[in-house]
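Student: Numbering (UniProt numbering), first residue to last: 1 to 309.
The beta-carbon is built from N, C-alpha and C at its ideal position, and this holds for glycine as well.
See the structure below:
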């Protein structure tokens, strides 16, 4: 199966248009049509309905495989190029919105490595993990929720070298008039039937909280797909639902009340992803980042770990 044809198929399926896919890929529409026809001929089945453009049942199955296949190819190319080239004079650091201290980390990295040109890219958790795996990002700071002794559950992006950077307590953000807003600490089990805001890029993902509480409760009343913490807290303050955030993001905010999560035992964790940086360089960078974060920072390397999505 030709990966160039596969990329064209994904572009058409995701955009729902041969012409849009052609513009995005820099091909003519005729070339895109030829790519799809060649792939369908190779597999012996139709992959796309033409009017309207949509994947067939076989096309849906292929889409499930396409993203990880193309990601592994990009990762392999990046790994080979980095193994044969010199250390870059520039560093692209990806970070999730609530990862620990990316701005201060950048300052320390530039101070410890004079002449290093550093770029910060802020994106969602999956985008950062995939960017590091594909070699588009040199390093990634990713945050999430985990038990104190557990690593983060990463997306299935192949072998990822990771280093734990920091962890901090979690808090539930309440509107001030909520009956539990004056509590000092509470259990998430007490909030199974509450209204929640599903904000997967910044708040603790509800799927993770359900797994930790071993319940199918914690249902979302609305979904917020953005990455602005102030907007999320404004939604909480207006009574649209609750959210679990790291203490640094929720405590001391005048618009909401923040109550510490006592059980189940969970922390907000930040990890450094360094899939294509050699071990010694990654260890040095992790030491710099760990010294910046401070507080409850802890550094421990795990190599070649693959976590399910």
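Given a cut-off of 9 angstroms, decide if residue 170 and residue 247 are closer than it, judged by their beta-carbon atoms.
Tutor: By 1-based counting over the chain shown, the position of residue 247 is 247. By 1-based counting over the chain shown, the position of residue 170 is 170. Cβ distance < 9 angstroms, so residue 247 and residue 170 count as in contact.
Student: Please look up how many angstroms separate the CB atoms of residue 155 and residue 126, rounded, as I've assumed it's under 8 angstroms.
Tutor: Against the chain shown, residue 155 aligns to sequence position 155. Against the chain shown, residue 126 aligns to sequence position 126. Indeed they touch by this definition, with Cβ atoms about 5 angstroms apart.
Student: Looking only at its own chain, which residues have a Cβ that is under 7 angstroms from the Cβ of residue 267, when we skip the five neighbours before and after it?
Tutor: As a position in the chain shown, residue 267 is number 267, starting the count at 1. The residues are 146, 148, 167, 168, 169, 170.
Student: Buried or exposed: which applies to residue 173, given that a residue is buried once 16 or more other Cβ atoms fall within 10 Å of its Cβ?
Tutor: By 1-based counting over the chain shown, the position of residue 173 is 173. Here residue 173 is buried. Its C-beta has 16 or more other C-beta atoms within 10 Å.
Student: Among all the DSSP beta bridges, which residues are the ones paired with residue 263?
Tutor: Along the chain shown, one-based indexing puts residue 263 at 263. DSSP, once it has assigned bridges, lists 187 as partnering residue 263.
Student: By alpha-carbon positions, which one of 71, 118, 182, 72 ends up nearest to residue 94?
Tutor: Position 94 of the chain shown holds residue 94. The closest CA to that of residue 94, considering only 71, 118, 182, 72, is found on 118.
Student: Look up residue 3 in the DSSP assignment and say whether it is helix, strand or coil.
Tutor: For this step, residue 3 is matched to residue 3 along the chain shown. DSSP places residue 3 in helix when its eight states are reduced to three.
Student: Using a 10 Å radius around the Cβ and a threshold of 16 neighbouring Cβ atoms, would you call residue 88 buried or exposed?
Tutor: Numbered from its first residue, the chain shown carries residue 88 at position 88. Because the pLDDT of residue 88 is 49, which lies under 50, any placement of that residue in the model is unreliable, and the question is left without a value.
Student: By the DSSP assignment, the alpha helix (DSSP H) with residue 36 in it spans what residues?
Tutor: Taking the first residue of the chain shown as position 1, residue 36 is located at position 36. Taken as a continuous stretch (DSSP letters only), the alpha helix (DSSP H) holding residue 36 covers 29-43.
Student: Note down, in chain order, each residue of its chain lying with its Cβ closer than 6 angstroms to the Cβ of residue 195, except the 5 sequence neighbours on either side.
Tutor: Locating residue 195 in the chain shown gives position 195, where the first residue counts as 1. Closer than 6 angstroms at the Cβ level, and outside the excluded window around residue 195, lie 221, 241.
Student: Whose C-beta lies closer than 7 angstroms to the C-beta of residue 18 among residues of the same chain, with five residues either side of it excluded?
Tutor: One-based indexing of the chain shown puts residue 18 at position 18. Counting only Cβ-Cβ distances below 7 angstroms, and skipping sequence neighbours, we find 12, 29, 32, 33, 53.
Student: Specify the secondary structure class of residue 131 as computed by DSSP and reduced to three states.
Tutor: Along the chain shown, one-based indexing puts residue 131 at 131. Helix at residue 131.
Student: Assign residue 3 to one of two classes, buried (16 or more other C-beta atoms within 10 Å of its C-beta) or exposed (fewer than that).
Tutor: Reading the chain shown from its first residue, position 3 is the one you call residue 3. Label assigned to residue 3: exposed.
Student: If you run the structure through DSSP and keep just helix, strand and coil, what is residue 268?
Tutor: Stepping through the chain shown from its first residue, residue 268 is reached at position 268. Secondary structure at residue 268: strand, using DSSP grouped into helix, strand and coil.
Student: Pop quiz: residue 271 and residue 164 are said to be a contact at Cβ under 8 angstroms. What is the actual Cβ separation, rounded to whole angstroms?
Tutor: Against the chain shown, residue 271 aligns to sequence position 271. Against the chain shown, residue 164 aligns to sequence position 164. Indeed they touch by this definition, with Cβ atoms about 6 angstroms apart.
Student: Can you tell me whether residue 203 is buried or exposed? The criterion is at least 16 other CB atoms within 10 Å of its CB, across all chains shown.
Tutor: Position 203 of the chain shown, counted from the first residue, corresponds to residue 203. Flag for residue 203 reads buried.
Student: May I have the straight-line CA-CA distance separating residue 86 from residue 120, to the nearest angstrom?
Tutor: Here residue 86 refers to the residue found at position 86 of the chain shown. Here residue 120 refers to the residue found at position 120 of the chain shown. Caution applies to residue 86, whose pLDDT of 45 falls short of 50 and renders its modelled position unreliable; the value that the coordinates give is listed next. Each residue's Cα considered, the two are about 21 angstroms apart.
Student: Could you spell out where the beta strand (DSSP E) holding residue 198 opens and where it closes?
Tutor: In the chain shown, residue 198 corresponds to position 198, counting from 1. Run containing residue 198: 196-198, per the beta strand (DSSP E) assignment.
Student: When burial is assigned at 16 or more other CB atoms within 10 Å of the CB, is residue 201 buried or exposed?
Tutor: Here residue 201 corresponds to residue number 201 of the chain shown, with the count starting at 1. Residue 201 comes out buried.
Student: Would you give the residue range spanned by the alpha helix (DSSP H) that residue 18 belongs to?
Tutor: To locate residue 18, count along the chain shown from 1; it is residue 18. Run containing residue 18: 18-25, per the alpha helix (DSSP H) assignment.
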